[in-house]
Amino acid sequence: MKKQGDILLDEPVCAVLGIDIGGTELKFCLLQVHSGAVLKKWKRDTCDGEFVEGVPAFANAIREEILTLQQGHQFAFEDVCLAAPGLPGPGNLWIDVMPGRLHGLEKLNWTFFLRWHKPIRIINDGQSALLGEIWLGSAQKSRHVVMLTIGTGVGGAIFVHGRILRGASGRAGHIGHSTVDYRGNLDICRTPGSIEDTIGQVSLPFRSRGALNTFYDLAQAFERSDPIALEIWPETLRALAAHLASLINLLDPELIVLGGGLLETSLPVIQGLESWMDQFEWRPRGKKVPIVKARLGQDAGAFGAAYAAMHPEVILD
């Protein structure tokens, strides 16, 4: 009898499918129900902007992958959930607002499109990444968590009392678009002096006066004690620490998780924050909020979508 780890393959394995729709790649994760054991994970190109008979190429690709899984009869799965950028609509059945990219995603009802026999939910990708970290990553068993992803921009999500905080219209958790400098320029969401524009990679060329383009460039320059990097890096940490201290006062989390491209460089992010947090964080009874690095990397979104498929109550109002 063939085995995959401890999983017998002579019968269909009870599984759940999580899909992360990114701008360049579609990430698929088929996980064993409840245990989270990875049965299969793979990727396909998103092909954003391409259409086949009026249907986005990424939607056709997702349908093809699901049909292939069903025809293989190796895995039995009923629950499917997708993660994507944008604001989900009522009931998390489609993405309501996602301008500028992933053309055809807005208003696409996946339950109808895939002719599924039960609702297929879609969740914001930042919220999905946080759910992945709570299920299988660095925030396991936590009920009050804030996550920031620091890359080209600054994303985020908030988990309160064991549920994703969505707010009245689904905007809650867009941490990158909160103000750290009320006199600053307006960002893409019309927020003055946002933390995204203050520390995100998007503003690095401006902050470095054209010397640096990416966080990798910043890390390399910092390692060789380049004067511009030595100026930028402490200010980046100071701004991030001040923002985290504000979030702690607003939300009182038990844990903060940091992920994204900045955390994948050699820059000492977690260690560098410690002295600033010692100055800025209000610590009643001497208790400080741990700040940890996300563990799941690029798999977090698909893992979180799989978790939301099994536990839709954590994403629904």
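Here the sequence shown stands for residues 811 to 1127, where the numbers follow my numbering.
Glycine included, every Cβ here is placed at the ideal spot set by N, Cα and C.
Where residue i falls: helix, strand or coil (DSSP)
i: A982; result: coil
i: D789; result: The structure shown has nothing for residue 789, since the chain only spans 811 to 1127.
i: S1013; result: helix
i: G815; result: In this predicted model, G815 has a pLDDT of only 44, less than 50, meaning its place in the structure is not dependable; the value taken from the coordinates is given anyway. Of the three classes helix, strand and coil, the one that applies to G815 here is coil, per DSSP.
i: T921; result: helix
i: E1084; result: helix
i: A759; result: With the chain covering 811 to 1127 only, the question about residue 759 has no answer from this structure.
i: I876; result: helix
i: V843; result: coil
i: P1094; result: helix
i: V1099; result: coil
i: A867; result: helix
i: G1107; result: helix
i: L941; result: helix
Residue i burial status per 10 Å Cβ neighbour count (16 or more: buried)
i: K813; result: Note that K813 has pLDDT 41, beneath the 50 cutoff, so the model's placement of it is unreliable and no number is given.
i: I1080; result: exposed
i: T878; result: exposed
i: Q1089; result: exposed
i: M811; result: At M811, the pLDDT of 35 sits below 50, so the modelled position is not reliable and the matter cannot be decided from this model.
i: Y1117; result: buried
For residue i, the nearest candidate out of the options (CA to CA)
i: L903; options: F887, G910, F923 and L912; result: F923
i: A825; options: G972, T834 and L841; result: L841
i: R1093; options: G914, E1045, L918 and N1059; result: N1059
i: G1070; options: R1095, C999, L940 and I1038; result: L940
i: F1016; options: R1000, I1038, T1001 and A1029; result: I1038
i: A966; options: G1010, N995, W945 and G994; result: The sequence shown places Gly at residue 966, rather than the Ala named in the question. Nearest of G1010, N995, W945 and G994 to G966, Cα basis: G1010.
i: G846; options: Q881, E835 and I944; result: I944
i: I872; options: N1023, A1118, I1042 and I930; result: I930
i: V890; options: F1032, L1065, C839 and H971; result: C839
i: L1047; options: L1072, E1033, L1065 and K951; result: L1072
i: A869; options: N919, V848 and Q880; result: N919
i: V848; options: L946, I876, D858 and K917; result: L946
Beta-carbon spacing of residue i, residue j below 7 Å
i: E1021; j: G828; result: Note that residue 1021 is Ala in the sequence shown, not Glu. Not closer than 7 Å, so no.
i: G1003; j: T989; result: yes
i: I974; j: I1125; result: yes
i: D830; j: A886; result: no
i: G896; j: M908; result: yes
i: V956; j: I1066; result: yes
i: L1068; j: G942; result: no
Report the residue ranges of all alpha helix (DSSP H) runs contained in full by the stretch 1019-1066; include only those spanning at least 4 residues, in chain order. For the stretch 1019-1066, whole alpha helix (DSSP H) runs of length 4 or above, ordered along the chain, are 1025-1033 and 1037-1061.
Going residue by residue through the stretch 955-1005, where are the continuous beta strand (DSSP E) segments of at least 3 residues, counting only ones entirely within it? Entirely contained in the stretch 955-1005, the beta strand (DSSP E) runs reaching 3 residues are, in chain order, 955-960 and 964-970.
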